[in-house]
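Take a look at the structure set out below.
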Ligand SMILES: Cc1cc2nc3c(=O)[nH]c(=O)nc-3n(C[C@H](O)[C@H](O)[C@H](O)COP(=O)(O)OP(=O)(O)OC[C@H]3O[C@@H](n4cnc5c(N)ncnc54)[C@H](O)[C@@H]3O)c2cc1C
């Protein structure tokens with residue numbers, strides 16, 4: 443493979459959806475390059491499967507709404523379970539903001555309810571502990587859970603059927619541009635272009651062009667590494683938490699930080715000795731302690747995002763100690779049914795975190811043929827279809843269609859008033 447019309451860097455759920463959506467638009471010669479399509483380093487393979495449209499910012503609601511609608515159309519294939527999100531609050535200010543945001547959410551027909559403390563136990567009797575500290579809850583019945591691997595596989599399969607090529611085990615090591623000011627080995631770099639130089643609303647600077655993407659890959663059965671150069675007309679950075687590494691290669695400084703997030707799979711023994719979690723009729727529960735959990739094949743999948751976690755490319759799962767310190771106390775504090783729960787296993791993946799906890803999508807100032815769609819924090823699965831379709835429309839037609847992602851341009855970070863701030867974030 444030595445040339446591509448559109449080269450998508452990263453074949454996670456976003457890159458895969460975009461590839462399919464571009465092919466649907468009739469765009470030819472789409473090539474997706476990934477160092478490991480099995481997803482060992484991809485957030486798409488390591489997440490919690492939550493899917494909700496109940497966000498606080500229209501662009502996030504709209505992309506999730508489009509995606510959830512698509513999940514509903516393919517309910518069985520994607521294992522989508524519309525069982526709702528129950529969110530418990532013990533913080534007065536947060537609860538009050540959540541109640542205010544309900545108006546916006548329900549203008550999209552999301553049917554979000556506010557529950558008083560007594561109603562919580564009535565409707566969800568499994569939550570029988572510590573309710574005295576809970577001020578109330580919101581319940582959003584149209585949200586739910588999905589099988590992210592099934593969704594990602596579907597995007598990829600449909601893209602391949604339409605002629606998209608996925609290059610596996612190809613590591614993007616360098617970028618050749620025509621704005622050369624120096625050289626570093628075989629990788630030429632452009633003059634450093636800092637996002638801080640660009641004002642929101644500035645005209646789009648088209649002076650840079652990416653000519654080639656340089657990849658390295660192992661050639662089996664030998665162990666030596668081969669280099670290849672792929673000439674490309676258009677490039678899209680869909681590298682998730684790895685996106686700043688790519689941006690750095692072309693002199694663009696990124697605001698995204700990779701942050702480790704851990705999840706435990708928990709075994710629960712009910713009082714009668716059975717292993718029923720009693721959670722199968724509820725979707726995601728987000729506790730006031732920031733623990734989130736849901737039923738997962740007879741067990742519980744429970745995650746907790748340590749607020750003091752330092753940024754870094756860390757995939758270490760802390761195992762028992764994470765379960766004992768972060769998961770078990772919170773589960774047992776909320777329900778007597780979870781008292782006898784035990785650690786089964788778990789994993790760690792990366793959130794791509796931005797200052798306002800919203801993704802980055804659109805064009806990249808300084809380059810006429812570079813686009814990006816990445817950094818969807820804890821939301822990439824539930825935004826995948828909305829973002830993939832919108833980006834394909836931008837690339838194929840030159841402007842956004844029904845779903846407008848302009849609010850997610852990286853330019854917003856120049857002016858805090860334009861941030862797309864999300865508070866209810868797990
Ligand atoms: C613990 C956890 C829980 C989460 N829970 C949810 C949830 O409930 N709901 C939800 O919607 N989202 C959730 N997320 C977030 C979601 O998983 C991500 O937002 C989404 O998967 C991002 O997809 P992506 O395609 O942008 O990135 P990724 O899936 O990370 O894909 C990036 C790809 O780039 C490739 N790559 C990286 N560097 C290179 C290189 N130099 N050369 C070639 N290829 C490269 C990687 O191999 C990878 O395949 C969660 C994430 C985590 C970690």
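Residue numbers (my numbering): 443 to 868. Even glycine gets a Cβ: it sits at the ideal position worked out from N, Cα and C. All of these numbers come straight from a predicted model, not from anything done at the bench.
Exposure of residue i, with buried meaning 16 or more beta-carbon neighbours within 10 Å
i	result
residue 764	buried
residue 558	exposed
residue 725	buried
residue 831	buried
residue 508	buried
residue 534	exposed
residue 780	buried
residue 515	exposed
residue 685	buried
residue 599	exposed
residue 477	buried
residue 610	exposed
residue 872	With the chain represented from 443 up to 868, any question about residue 872 goes unanswered, as that position is not in the structure.
residue 454	buried
residue 461	buried
residue 517	exposed
residue 805	buried
Contact belief for residue i with residue j at Cβ below 8 Å, rounded distance in angstroms
i	j	result
residue 532	residue 575	5 Å
residue 858	residue 502	Not confirmed; about 18 Å, so no contact.
residue 489	residue 788	Between residue 788 and residue 489 the Cβ distance is about 13 Å, and since that is not below 8 Å, they are no contact.
residue 739	residue 587	Actually they are not in contact, since the Cβ atoms of residue 739 and residue 587 sit about 11 Å apart, beyond 8 Å.
residue 777	residue 744	Actually they are not in contact, since the Cβ atoms of residue 777 and residue 744 sit about 12 Å apart, beyond 8 Å.
residue 472	residue 465	6 Å
residue 496	residue 554	6 Å
Straight-line Cα distance separating residue j from residue i
i	j	result
residue 773	residue 733	8 Å
residue 817	residue 681	8 Å
residue 482	residue 800	24 Å
residue 793	residue 702	6 Å
residue 619	residue 695	16 Å
residue 519	residue 592	7 Å
residue 720	residue 565	13 Å
residue 543	residue 813	32 Å
residue 753	residue 699	6 Å
residue 846	residue 836	9 Å
residue 523	residue 457	24 Å
residue 766	residue 737	19 Å
residue 537	residue 689	38 Å
residue 463	residue 677	15 Å
residue 625	residue 616	With a pLDDT of 38 at residue 625, under the threshold of 50, the modelled position of that residue is not reliable, and no figure is offered here.
residue 510	residue 666	44 Å
residue 746	residue 581	20 Å
residue 735	residue 545	26 Å
residue 459	residue 572	42 Å
residue 802	residue 856	13 Å
residue 840	residue 748	40 Å
residue 653	residue 853	24 Å
residue 584	residue 493	9 Å
Residue(s) in a DSSP beta bridge with residue i
i	result
residue 868	Beta-bridge pairing links residue 868 to no other residue.
residue 674	446
residue 706	744 and 788
residue 838	DSSP output for residue 838 lists no bridge partner at all.
residue 619	652
residue 586	493
residue 809	650
beta-carbon residue i near ligand 2 non-hydrogen atom, thresh 7 Å
i	result
residue 659	For ligand 2, the structure offers nothing, since it holds only ligand 1.
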